[in-house]
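Student: Submitted below is the structure of interest, expressed as structure tokens.
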Amino acid sequence: MAVDNEPRETFEDVDWDDIDETTRAFSRKTIVTIGAYMLFAVGLLYDYVLKPPRADTIEPLGISLQALDWLYILTLLTILVGVVVPLYENGRMTRYYWQQFRKNRAAVASLIYLGVIFLIGSIGPRFLEQPTVDPSNAYQPPVFTSAPNWLPVECAGEVAGGSCHGTWAHPFGTTHEGKDILVSVIYGMEVSMQVGLIAALITITIAAIVGVSAAYFGGWIDAALMRYVDIQITFPTFFLYLMIVYLYGGSLFSMIVIFGLLGWGGIARIVRSEALQRREEEYVLAAKNAGASGYWTMRRHLLPNVSNSVITAVTLLIPSLILFEASLAFLGLGDPTVPSWGEVIASGRSDLPNAWWVSTIPGIFLFFTILAFNFVGDALRDALDPRADGGDK
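Per my numbering, the sequence shown runs over residues 220 to 612.
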């Protein structure tokens, strides 16, 4: 029987530079990812450079994409590449997380609700025109309800017993301007998803880079980054947005960008705290001692091991962003060209005694959306962080 006398490669013999070169090879997944982002870049180039002025982006469907729409598409593409695809590739771990997640029935129902809101909000505005002012349709009550006959200018439904009854032409009723509340609610779904997802993606990206870098390098880099975070957290972002509104008017795009770029300090601290603990783990120390590059160590060891804390923090950040946008719209500081739940609620606050539906219906959607995100965030924390589950027992 032949004996293999060749020396075996030990951990210290690993050529990390060679591994770095090998992992840079373009796999099929990498090629598809690069192709998707290149397709996005081509579409963006066509829309802003090659397309004739005032022409629709997608002529056959009559769809015109604005800057915020492109940013939303980029966000969804990044979520697909960075979240959905890894979950699909790691089926065993995904099934384990799902088993833990579905123990919280309220979170499962909330996830379904948010999925419906996301689909309707993403598809509906592509085929529905924005609600328009129609004084003849003012104060139409929702279907299955009624209002005093004197309230609507012209009752679109049946008039019986001195009351105007709702009609399926306006299932959720109309505002004092005659705007259809159902259409406004659908547009509000898109606004809420855009605010929550885009700002959260900007926040998580910057926070992860800053937090992991500060923890890994330490020293003056850590001190400089954390002092900047301290300054940024104390900076009055709200007043900066007010200044932008005063100078240029309310804009949903500027609101998302400002709060995304200046709202990552708290999560960066969470990432740094988690990464500091992981930095002292044996596998990280072994990789560094064996000559692994800082980029390799952060990308392959630190970042994946802090992702659970980041995900749960973001799921709790999203409802705060949605509520903040609704609050600004309620105060008249939002984008006047975009229908928002907060704007519709504000338009009906003086009509609550007679036209309760104007503020109540969008308020219900806002309440349940924020509640759903909080339920999902709590369930994700329990599913992704074993220490949270262990602490309850």
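All C-beta atoms in this analysis are idealised placements derived from N, C-alpha and C, irrespective of residue type, glycine included.
Taking the straight line between their C-alpha atoms, what separation do you get for residue 411 and residue 326?
Tutor: About 19 angstroms.
Student: Could you spell out where the beta strand (DSSP E) holding residue 366 opens and where it closes?
Tutor: From DSSP, the beta strand (DSSP E) with residue 366 extends over 365-367.
Student: If we count the other Cβ atoms within 10 Å of its Cβ and call it buried at 16 or more, is residue 486 buried or exposed?
Tutor: Answer is buried; the Cβ neighbour count reaches 16.
Student: Can you tell me where the alpha helix (DSSP H) with residue 492 in it begins and where it stops?
Tutor: Start and end: 484-498.
Student: Please identify the residue among 382, 427, 407 and 374 whose C-alpha is closest to the C-alpha of residue 388.
Tutor: Looking at the Cα atoms, 374 is the closest of the given residues.
Student: Which full runs of the alpha helix (DSSP H) of 4+ residues lie inside the stretch 303-349, going along the chain?
Tutor: Runs found: 304-308, 310-320 and 324-346.
Student: Where does residue 389 fall in DSSP's three states?
Tutor: In the structure shown, residue 389 sits in coil (DSSP, three-state: anything other than H, G, I, E or B).
Student: Which of the three DSSP states, helix, strand or coil, is assigned to residue 559?
Tutor: Note: residue 559 maps to coil in three-state DSSP.
Student: Return the first residue and the last residue of the alpha helix (DSSP H) that residue 473 is part of.
Tutor: Unbroken alpha helix (DSSP H) run through residue 473: 471-481.
Student: Excluding the 5 residues flanking residue 534 on each side, which residues of the same chain have their C-beta closer than 7 angstroms to its C-beta?
Tutor: Cβ neighbours of residue 534 beyond the five flanking positions: 592, 595, 596 and 599.
Student: Does the stretch 360-378 come within contact of the stretch 313-332, defined as at least 3 CB pairs closer than 8 angstroms?
Tutor: Flag = no, the stretch 360-378 and the stretch 313-332 do not touch.
Student: Can you have a look at residue 602 and say buried or exposed, based on whether 16 or more other CB atoms are within 10 angstroms of its CB?
Tutor: By the 10 Å Cβ count, residue 602 comes out buried.
Student: Report, in whole angstroms, the separation of the C-beta atoms of residue 525 and residue 402, which I expect to be a contact under 8 angstroms.
Tutor: About 42 angstroms; that fails the 8 angstroms criterion.
Student: Compute the Euclidean distance between the alpha carbons of residue 578 and residue 316, then round it to the nearest angstrom.
Tutor: Rounded to whole angstroms, residue 578 to residue 316 spans 38 angstroms at the Cα level.
Student: Can you give me the Cβ contacts of residue 414 inside the same chain, cut-off strictly under 7 angstroms, excluding the 5 residues immediately before and after it?
Tutor: If we look at residue 414 and ignore the five residues flanking it on each side, its Cβ neighbours are 475, 540, 541 and 544.
Student: Would a C-beta distance cut-off of 8 angstroms place residue 339 and residue 253 closer than the cut-off?
Tutor: Not in contact: residue 339 and residue 253 (Cβ atoms no closer than 8 angstroms).
Student: State the Cα-Cα distance for the pair residue 448 and residue 306, rounded to the nearest angstrom.
Tutor: Using only the alpha carbons, I get a separation of about 32 angstroms.
Student: Please look up how many angstroms separate the CB atoms of residue 460 and residue 477, rounded, as I've assumed it's under 8 angstroms.
Tutor: About 5 angstroms; that satisfies the 8 angstroms criterion.
Student: Would you say residue 418 and residue 479 are within 8 angstroms of each other, going by their C-beta atoms?
Tutor: Their beta carbons are under 8 angstroms apart, which means residue 418 touches residue 479 by this criterion.
Student: In three-state terms, what does DSSP make of residue 384?
Tutor: Three-state result, residue 384: strand.
Student: Can you name, in chain order, every residue of its own chain whose Cβ lies under 7 angstroms from the Cβ of residue 589, other than the five neighbours on each side?
Tutor: 538, 541 and 542.
Student: Which same chain residues, not among the five before or five after residue 220, have their C-beta less than 6 angstroms away from its C-beta?
Tutor: Because the pLDDT at residue 220 is just 47, under 50, the model does not fix this residue reliably, and the point stays unresolved.
Student: Pick out whichever of 429, 462, 472 and 560 has its Cα sitting closest to the Cα of residue 489.
Tutor: The shortest C-alpha separation from residue 489 is found at 429.
Student: Starting from the C-beta of residue 611, find all residues in its chain whose C-beta is less than 7 angstroms away, skip the five residues before and the five after it, and write them out in chain order.
Tutor: Because residue 611 sits at a pLDDT of 44, beneath the cut-off of 50, its placement in the model cannot be relied upon, and the point is left open.
Student: Please determine if the stretch 384-399 and the stretch 561-580 are in contact, where contact requires at least 3 C-beta pairs separated by less than 8 angstroms.
Tutor: Result yes; three or more Cβ-Cβ pairs closer than 8 angstroms.
Student: Would you call the CB atoms of residue 372 and residue 355 closer than 8 angstroms?
Tutor: It is a contact, given that the beta carbons lie within the stated cut-off.
Student: What residues are listed by DSSP as bridge partners for residue 464?
Tutor: In DSSP, residue 464 forms no bridge with anything.
Student: With H, G and I counted as helix, E and B as strand and the rest as coil, what does DSSP make of residue 404?
Tutor: The answer is helix: DSSP assigns residue 404 an H, G or I state.
Student: Where does residue 362 sit, in a helix, a strand or coil, going by DSSP?
Tutor: Of the three classes helix, strand and coil, the one that applies to residue 362 here is coil, per DSSP.
Student: Would residue 587 and residue 560 be called neighbours here (beta carbons separated by less than 8 angstroms)?
Tutor: For residue 587 and residue 560, no; Cβs fall outside 8 angstroms.
Student: Tell me whether residue 492 is buried or exposed, calling it buried when 16 or more other Cβ atoms sit within 10 Å of its Cβ.
Tutor: By the neighbour-count rule (16 or more Cβ atoms within 10 Å), residue 492 is not buried but exposed.
Student: If you follow the alpha helix (DSSP H) that residue 279 is in, where does it begin and where does it stop?
Tutor: Careful: residue 279 lies outside any alpha helix (DSSP H) and carries neither H nor E.
Student: I'd like the list of long-range same chain contacts for residue 409, defined as Cβ closer than 6 angstroms, with 5 residues on each side in sequence excluded.
Tutor: For residue 409, where only same-chain residues beyond five positions count, the Cβ hits under 6 angstroms are 340 and 344.
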